[in-house]
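Q:
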Amino acid sequence: MPGLLAIAFSIALIMVFASNFYFIFAMPYQKSYREMTMIKYAVDFSRGLNPYSAALLKAELPFNSGCYAFLQSFITGFILKFFPVSRALTVSEVFSKCIDAGAALLVYLTVRKHGCERWISLLAALISVRIVSACTAYPHSLGMLLVYLLAFLIARDTVENVYHPFLYAVIVILAFYSKQYFLLLGPCLFVYLLFRSLRDAVKLAIYGL
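Going by the numbering used here, the sequence shown opens with residue 90, and the numbers climb by one from there.
1. Drop a sphere of 10 angstroms on the beta-carbon of residue 271, count the other beta-carbons inside from all chains shown, and report buried for 16 or more, exposed for fewer.
2. For the stretch 131 to 138 against the stretch 241 to 248, are there 3 or more C-beta pairs whose distance is under 8 Å?
3. Going by the beta-carbon positions, is the gap between residue 169 and residue 158 smaller than 8 Å?
4. So, with DSSP's three-state summary, where would you put residue 172?
5. What would DSSP say about residue 250, mapped onto helix, strand or coil?
6. Given a cut-off of 8 Å, decide if residue 127 and residue 161 are closer than it, judged by their beta-carbon atoms.
7. So, with DSSP's three-state summary, where would you put residue 294?
8. The alpha helix (DSSP H) with residue 278 in it runs from where to where?
9. Taking only three categories from DSSP, how would you classify residue 129?
10. Nearest by alpha-carbon distance to residue 258: which of 296, 166, 137 is it?
11. Indicate whether at least one CB of chain D lies closer than 8 Å to the CB of residue 165.
12. Whole angstroms is fine: what's the gap from residue 248's alpha carbon to residue 239's?
13. Would you call residue 184 buried or exposed, if buried means 16 or more other Cβ atoms sit within 10 Å of its Cβ?
14. Give the secondary structure of residue 286 by DSSP, where H, G and I count as helix, E and B as strand, and everything else as coil.
15. Helix or strand or just coil, what does DSSP make of residue 116?
16. How is residue 163 classed by DSSP in three states: helix, strand or coil?
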């Protein structure tokens, strides 16, 4: 029975990603208005422009209108240097799906590392994909990848009872620059470390500041 469940959830994962990629290429146009904000930032970065620069305002309407952080757009902008601007939407969406796949893999590895059966680990990965994944390009894709990476590292370090607060601080900061509300990871992680290692909790606070 567990083997059949593992096969079923594996097929479900494949179907989710296959359907996402199908819609990306079958519907090569924006899936929502807010999706294009991030892609416009990415195109600007690929052209060597800083979309957050006040110099671009020129006392007129904002050059771009949006409140997303820059990290995923910045990385996507580097990738877009190798593609024509007409492919910006498709490239951005495919890149987001690759990030989602990496996030699902981290969830699987984290759950599996704790001794759970393969089908449970696959189910956890499937749930994570259904929560955050869609056939669109949103900055929370990279943010969730960093969240799952942080969970994987903390789960590993808790078992080994050796913590790495500097690495955690770097990941939280990067997550913040993916989408601002991921900054909430910092206080949550600080409280967790207080019960595990006061010294590492203090180090995390110092590195975060």
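No residue lacks a Cβ here, since even glycine has one placed at the ideal position from N, Cα and C.
A: Answer, in terms of the structure:
1. Here residue 271 corresponds to residue number 182 of the sequence shown, with the count starting at 1. Classification of residue 271: buried, given that the 10 Å Cβ count is 16 or more.
2. A contact is defined here as three or more CB-CB pairs under 8 Å, and the stretch 131 to 138 fails this definition with respect to the stretch 241 to 248.
3. In the sequence shown, counting from the first residue as 1, residue 169 sits at position 80. In the sequence shown, counting from the first residue as 1, residue 158 sits at position 69. Not a contact, by the Cβ cut-off of 8 Å.
4. Walking along the sequence shown from the start, residue 172 turns up at place 83. Residue 172 falls in the coil class under three-state DSSP.
5. Here residue 250 refers to the residue found at position 161 when the sequence shown is read from its first residue. Here DSSP, grouped into helix, strand and coil, assigns residue 250 to coil.
6. Here the question's residue 161 lines up with position 72 in the sequence shown. Here the question's residue 127 lines up with position 38 in the sequence shown. Yes, they are a contact pair.
7. Along the sequence shown, one-based indexing puts residue 294 at 205. Reduced to three states, the DSSP call for residue 294 is helix.
8. Here residue 278 corresponds to residue number 189 of the sequence shown, with the count starting at 1. Going by DSSP, residue 278 is part of the alpha helix (DSSP H) stretching over 274 to 283.
9. By 1-based counting over the sequence shown, the position of residue 129 is 40. Correct three-state label for residue 129: helix.
10. Taking the sequence shown and counting its residues from 1, one reaches residue 258 at position 169. Residue 258 has its Cα closest to that of 296, out of 296, 166, 137.
11. This model lacks chain D altogether; it includes just one protein chain.
12. Numbered from its first residue, the sequence shown carries residue 248 at position 159. Numbered from its first residue, the sequence shown carries residue 239 at position 150. So the alpha carbons of these two residues sit roughly 14 Å apart.
13. On the sequence shown, position 95 is the one that residue 184 refers to. Looking at its Cβ environment, which holds 16 or more other Cβ atoms inside 10 Å, residue 184 is buried.
14. Residue mapping note: residue 286 aligns to position 197 of the sequence shown, counting from 1. In the structure shown, residue 286 sits in coil (DSSP, three-state: anything other than H, G, I, E or B).
15. The residue given as residue 116 occupies position 27 in the sequence shown. Looking at residue 116 - three-state DSSP - the assignment turns out to be coil, as it is neither helix nor strand.
16. Taking the sequence shown and counting its residues from 1, one reaches residue 163 at position 74. Looking at residue 163 - three-state DSSP - the assignment turns out to be helix.
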